[in-house]
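The block underneath contains the structure these notes are about, expressed in structure tokens.
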Amino acid sequence: MTDVAARHRIEICLGSSCFAKGAGRLAEVASAWAERHQAAIELVGHRCRERCADGPRVVLDGVERRVKDERELAGLLASLGGP
Ligand code: FES
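Numbering (the numbering used here), first residue to last: -15 to 67.
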């Protein structure tokens, strides 16, 4: 298990469109990652940001982007310092 020193904030859109595109699975991946790494991480859901056509929408440390699937999110999380 690797500690992630910095505190990170992950916001995942849980609006209906993003949820239908897999945002719920992204939230599960982020939650599991935080547990595995005992990460200082804040995981929050947010409402629709009206970018539904380009979802699921994720804000990682203030940077909003589309994260198309669990694999892409895992890569982003790994870049925070975990294995
Ligand atoms: S439902 Fe996520 S941006 Fe609209």
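From the three backbone atoms N, C-alpha and C, an ideal C-beta is built for every residue, glycine too. If you're wondering where the values come from, they're calculated on a predicted model, not measured in any experiment.
Check, Outcome
"Is it buried or exposed for residue 47, if we count other Cβ within 10 angstroms and need 16 for buried?", "exposed"
"Locate the alpha helix (DSSP H) running through residue 64, then write down its first and last residues.", "Careful: residue 64 lies outside any alpha helix (DSSP H) and carries neither H nor E."
"Would you call residue 24 buried or exposed, if buried means 16 or more other Cβ atoms sit within 10 Å of its Cβ?", "exposed"
"Any heavy atom of ligand 1 closer than 7 Å to the Cβ of residue 34?", "yes"
"Looking at residue 42 and residue 57, is the spacing between their C-beta atoms short of 8 Å?", "yes"
"Skipping 5 residues on each side, what residues in its chain have a beta carbon closer than 6 Å to that of residue 32?", "-1"
"For residue 18, collect the residues of the same chain with a Cβ closer than 7 Å to its Cβ; drop the 5 residues on either side in sequence, then sort them by chain order.", "25, 27"
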